[in-house]
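S.K.: Residue numbering for the sequence shown follows the UniProt record's numbering, starting at 1 and increasing by one per position. Using N, Cα and C, we set each Cβ at its ideal position, and we do this for glycine too.
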Amino acid sequence: MTHPYARELGDFLRARRSRLHPHDVGLEPGGRRKVTGLRREELALLAGLSTDYYQRMEQGREVRPSDDVLDALAAALGLDDEERRHLFTLARAARRPMPARMDQEPEKVPDTTRRLLRVMDTPAVVLGRHLDLLDWNPMAQALLGDPDAYPPDRLNMLLLMFDDTLTGERSCPDWERQALDYIGMMRTAVATDPTHPRATAIVGELSIRSAEFRRLWARHDVRASVSGTKTFRVPEVGDIVLDWDTYPLPGNPGPIMLVFTAETGSADADRLRLLASLHATRLIS
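(1) If you run the structure through DSSP and keep just helix, strand and coil, what is L127?
(2) Looking only at its chain, what residues have a beta carbon closer than 7 Å to the beta carbon of Q178, apart from the 5 residues adjacent to it on each side?
(3) Please report the Cβ distance between L131 and M185, rounded to the nearest whole angstrom; I am assuming they are in contact, meaning their Cβ atoms lie under 8 Å.
(4) With DSSP as the reference, label G184 as helix, strand or coil.
(5) Name the two residues that bound the continuous beta strand (DSSP E) containing T229.
(6) Buried or exposed for G60, going by 16 or more other Cβ atoms inside 10 Å?
(7) Just grab the DSSP bridge partners of F260 for me.
(8) Quick check on L133: does DSSP put it in helix, strand or coil?
(9) CB L46 to CB V25, shorter than 9 Å?
(10) Around the Cβ of A44, are there at least 16 other Cβ atoms within 10 angstroms (buried) or fewer (exposed)?
(11) Assuming R154 and N137 form a contact by the criterion Cβ under 8 Å, report the distance between their Cβ atoms to the nearest whole angstrom.
(12) Roughly how far, in whole angstroms, is the beta-carbon of L158 from the beta-carbon of L206, given that I think they are within contact range, below 8 Å?
(13) Rounded to whole angstroms, what's the CA-CA distance from Q190 to A211? Just pull it up for me.
(14) For R95, which residues in the same chain have their Cβ closer than 7 Å to its Cβ, ignoring the five residues on either side in sequence?
(15) Pull up the distance between the alpha-carbon of Q55 and that of R92, whole angstroms please.
(16) Measuring only the C-alpha atoms, how far is A262 from T122?
(17) When you compare the CB positions of T246 and V222, do they come within less than 9 Å of one another, or not?
(18) CB L216 to CB I183, shorter than 9 Å?
(19) Assuming P253 contacts R129 (C-beta within less than 8 Å), just tell me the rounded distance between them.
(20) Rounded to whole angstroms, how far is the Cβ of A72 from the Cβ of L275, which I believe are closer than 8 Å?
(21) Using the rule of at least 16 other Cβ atoms within 10 Å of the residue's Cβ for burial, across every protein chain shown, is I202 buried or exposed?
(22) If you follow the alpha helix (DSSP H) that Y150 is part of, which residue opens it and which one closes it?
(23) Using three-state DSSP, classify G48 as helix, strand or coil.
(24) Are the beta-carbon atoms belonging to L38 and L9 less than 9 Å from one another?
(25) Does G238 come out as helix, strand or coil in the three-state DSSP assignment?
(26) To which residues of the same chain is S18 closer than 6 Å at the C-beta, ignoring the five residues directly before and after it?
(27) Can you list, in chain order, the residues of its chain whose CB lies under 7 Å from that of G238, leaving out five sequence neighbours each side?
(28) Return the chain-ordered list of same chain residues with a C-beta closer than 8 Å to the C-beta of H3, the five sequence neighbours on each side being excluded.
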């Protein structure tokens, strides 16, 4: 049986190799090429490895690379700091025996975190390690809609982003960037437990029904934490441009808090307050 971490490691290496071209690393392309990226033997040469050894790594076979080998591969592939950490996480896990089942108890949000959510005057949600929506505050409900309208097992940021009934936002210029951020966070979560049934179910479902997801998932991007800017189209108050950031919460791996904010005194902050007031009025009535 293939070690799950070795398989993930091989997939990651292959994806990163396919992004490089000979001229990126000072090699002459030479002749007709069957692959768009570097050949295995070219990358092995750059990293100072035998082609057979590197090929076995990509195939997820029984190879336990040393840290020196990983350093050479990271340099040859031009990995950034986050990608390098991901490479070492996968490889070091692949050196160990097949992992026992990790804690797969349902994720819980501490009462103190729930209280913090309720007193925040800006939209905020708590996401589990696989991007399940665990809790939210009234401001988030006003901005994003009522999560209670969905079955609990569908309350997942990736499932919602690729929901065929919610495709209107895909025309937004920042849709793919945010999708890549969420996918990168899922990739990081998968690196901690490649066989977790929740991750397997989400990735499996989306891989079957969405060519768009398959294309983005195959990039093997990784994100430990993310931030960005998103435009929300809200009919009642107009477009609202908000910054969003993620903050880790206690636990290993623990949930994260996703918080949306507007610049103080801006028109977006005014629209956000108006939206919150309209939402509160509807709840009272």
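M.R.: By the coordinates alone:
(1) On the sequence shown, residue 127 is found 127 positions in, with the first residue counted as 1. L127 falls in the strand class under three-state DSSP.
(2) Numbered from 1 along the sequence shown, position 178 holds the residue referred to as residue 178. If we look at Q178 and ignore the five residues flanking it on each side, its Cβ neighbours are G228 and K230.
(3) The residue you call residue 131 lines up with position 131 of the sequence shown. The residue you call residue 185 lines up with position 185 of the sequence shown. About 6 Å; that satisfies the 8 Å criterion.
(4) For this step, residue 184 is matched to residue 184 along the sequence shown. DSSP places G184 in helix when its eight states are reduced to three.
(5) Within the sequence shown, numbered from 1, the residue matching residue 229 stands at position 229. For T229, the uninterrupted beta strand (DSSP E) run begins and ends at S227 to V234, by DSSP.
(6) Reading the sequence shown from its first residue, position 60 is the one you call residue 60. Under this definition G60 is a buried residue.
(7) Here residue 260 refers to the residue found at position 260 of the sequence shown. In the DSSP output, where bridge partners are listed per residue, F260 has W244.
(8) Here residue 133 corresponds to residue number 133 of the sequence shown, with the count starting at 1. In the three-state reduction of the DSSP assignment, L133 falls in the strand class, which pools E and B.
(9) As a position in the sequence shown, residue 46 is number 46, starting the count at 1. As a position in the sequence shown, residue 25 is number 25, starting the count at 1. Taking 9 Å as the Cβ cut-off, L46 and V25 qualify as a contacting pair.
(10) Position 44 of the sequence shown, counting from 1, holds the residue named residue 44. With 16 or more Cβ atoms within 10 Å of its Cβ, A44 is classed as buried.
(11) Position 154 of the sequence shown, counted from the start, is the residue given in the question as residue 154. Position 137 of the sequence shown, counted from the start, is the residue given in the question as residue 137. That pair is no contact at about 20 Å.
(12) Locating residue 158 in the sequence shown gives position 158, counting from the first residue. Locating residue 206 in the sequence shown gives position 206, counting from the first residue. Right, their Cβ atoms sit about 6 Å apart.
(13) In the sequence shown, the residue the question calls residue 190 occupies position 190. In the sequence shown, the residue the question calls residue 211 occupies position 211. A quick correction: the sequence has Val, not Gln, at residue 190. Computed Cα separation, rounded: 20 Å.
(14) By 1-based counting over the sequence shown, the position of residue 95 is 95. Correct list, in chain order: R64.
(15) Here the question's residue 55 lines up with position 55 in the sequence shown. Here the question's residue 92 lines up with position 92 in the sequence shown. Approximately 18 Å between the Cα atoms of the pair.
(16) Walking along the sequence shown from the start, residue 262 turns up at place 262. Walking along the sequence shown from the start, residue 122 turns up at place 122. Taking the straight line joining both Cα atoms gives about 8 Å.
(17) For the purposes of this step, residue 246 is taken as the residue at position 246 of the sequence shown. For the purposes of this step, residue 222 is taken as the residue at position 222 of the sequence shown. Not in contact: T246 and V222 (Cβ atoms no closer than 9 Å).
(18) Residue 216 sits at position 216 when you count from the first residue of the sequence shown. Residue 183 sits at position 183 when you count from the first residue of the sequence shown. A contact, by the Cβ cut-off of 9 Å.
(19) By 1-based counting over the sequence shown, the position of residue 253 is 253. By 1-based counting over the sequence shown, the position of residue 129 is 129. That belief holds up - the Cβ atoms of P253 and R129 are roughly 5 Å apart, short of 8 Å.
(20) To locate residue 72, count along the sequence shown from 1; it is residue 72. To locate residue 275, count along the sequence shown from 1; it is residue 275. The Cβ separation is near 53 Å, so there is no contact.
(21) Taking the first residue of the sequence shown as 1, we reach residue 202 at position 202. Classification for I202: buried.
(22) On the sequence shown, position 150 is the one that residue 150 refers to. Run containing Y150: none; DSSP gives neither H nor E here.
(23) Within the sequence shown, residue 48 is the residue found at index 48, counting from 1. If DSSP states are grouped into helix, strand and coil, G48 belongs with coil.
(24) One-based indexing of the sequence shown puts residue 38 at position 38. One-based indexing of the sequence shown puts residue 9 at position 9. No, these two residues do not count as a Cβ contact at 9 Å.
(25) On the sequence shown, position 238 is the one that residue 238 refers to. Looking at G238 - three-state DSSP - the assignment turns out to be strand.
(26) What you label residue 18 is simply residue 18 of the sequence shown in a count that begins at 1. Around S18: G37.
(27) Start at 1 with the first residue of the sequence shown, and residue 238 comes out as number 238. Cβ within range, chain order: R271.
(28) As a position in the sequence shown, residue 3 is number 3, starting the count at 1. Excluding sequence positions up to five before and after H3, its CB lies within less than 8 Å of the CB of G60, E62, A94 and M98, all in the same chain and listed in chain order.
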